[in-house]
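Participant: To start, I am sharing the structure in question, which I have written as structure tokens.
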Amino acid sequence: MANHPKSIHDLTVKDANGNDVDLSIYDGKVLLIVNVASKCGLTNSNYAELNQLRAKYKDQGFEILAFPCNQFGDEEPGSNEQILEFICTRFKSEFPIFDKIEVNGENSAPLYKFLKSGKWGIFGDDIQWNFAKFLVDKNGQPVQRYYPTTSPLTIEVKTTFLKNQFNNQSVFLLVFYVEFRLSLLNLRSFCREMCRNSSGSWMLHRRIAIITFFSHAVNA
1 MANHPKSIHD LTVKDANGND VDLSIYDGKV LLIVNVASKC GLTNSNYAEL NQLRAKYKDQ
61 GFEILAFPCN QFGDEEPGSN EQILEFICTR FKSEFPIFDK IEVNGENSAP LYKFLKSGKW
121 GIFGDDIQWN FAKFLVDKNG QPVQRYYPTT SPLTIEVKTT FLKNQFNNQS VFLLVFYVEF
181 RLSLLNLRSF CREMCRNSSG SWMLHRRIAI ITFFSHAVNA
């Protein structure tokens, strides 16, 4: 496990069965990470809406990661097996449920230390209650943090997809622009060189230079 992770993809966690899960398997996916509890007043509404949110975006590369936590009002007291049975039987949730962890204090899980390390302003450092939510982009970077009372259906998952798409398109356009400018510079140099070393009509040789240049470009 990385001591100084640069993204959540550098971290390893345990699933509800005690198996190691390398979070790099979620590279390229947008994630919503939630600390969950089974006996909270927010339990029913959050699980129902988390299921709806996942159903809406799962085919676009979206996943929810649920981490049970018993630090708030002793509202997640059961074992991992009991938690899994409760979630899968009552709510039919299909997103992954992980090992019970602590999200605040000295024993806070490394994942939550990383998530909380961002500059979240009025949120402060600590998680306030069950069902706090972090939206993580495809590169493993937390991009938004939500209060426990925030409805999952109000979270702008699509905006994160569009942001990643915009960034990719911006890079492509920048590379295309640079290559285009370099091509123009090379063409001008090529034309000047041919005209300087050739006799006869300047315009004729200029046309020959242009045709030759683009023939090489097409065949490259």
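Here the sequence shown is numbered in the UniProt record's numbering, starting from 1 and rising by one per residue. Glycine included, each C-beta is placed from N, C-alpha and C at the ideal position.
Does the Cβ of residue 8 have 16 or more other Cβ atoms within 10 Å, making it buried, or fewer, making it exposed?
Facilitator: buried
Participant: Going by C-alpha distance, which of 44, 15, 117 and 57 is nearest residue 155?
Facilitator: Closest by alpha carbon: 57.
Participant: Would you tell me roughly how many angstroms separate the C-alpha atoms of residue 223 and residue 39, rounded to the nearest one?
Facilitator: Here the chain comprises residues numbered 1 to 220, so residue 223 is not present and cannot be evaluated.
Participant: For the alpha helix (DSSP H) containing residue 85, name the first residue and the last one.
Facilitator: 80-86
Participant: Within 10 angstroms of its Cβ, does residue 73 collect 16 or more other Cβ (buried), or is it exposed?
Facilitator: exposed
Participant: Quick check on the DSSP output: the beta strand (DSSP E) that includes residue 133 runs from which residue to which?
Facilitator: 133-136
Participant: Leaving out the 5 sequence neighbours to the left and right, which residues in its chain are closer than 6 angstroms to residue 91 when beta-carbon positions are compared?
Facilitator: 47
Participant: Measuring CA to CA, which of 5, 69, 45 and 132 is closest to residue 22?
Facilitator: Of the candidates 5, 69, 45 and 132, the one whose C-alpha sits nearest the C-alpha of residue 22 is 5.
Participant: Can you tell which of 130, 157, 153 and 148 has the C-alpha that lies nearest to the C-alpha of residue 136?
Facilitator: 157
Participant: According to the neighbour-count rule (16 or more other Cβ atoms, all chains shown, within 10 Å of its Cβ), is residue 108 buried or exposed?
Facilitator: buried
Participant: Got a sec, what are the start and stop residues for the beta strand (DSSP E) residue 223 sits in?
Facilitator: Look at the range of the chain in this structure, 1 to 220, and you will see that residue 223 is not part of it.
Participant: Among all the DSSP beta bridges, which residues are the ones paired with residue 15?
Facilitator: 98
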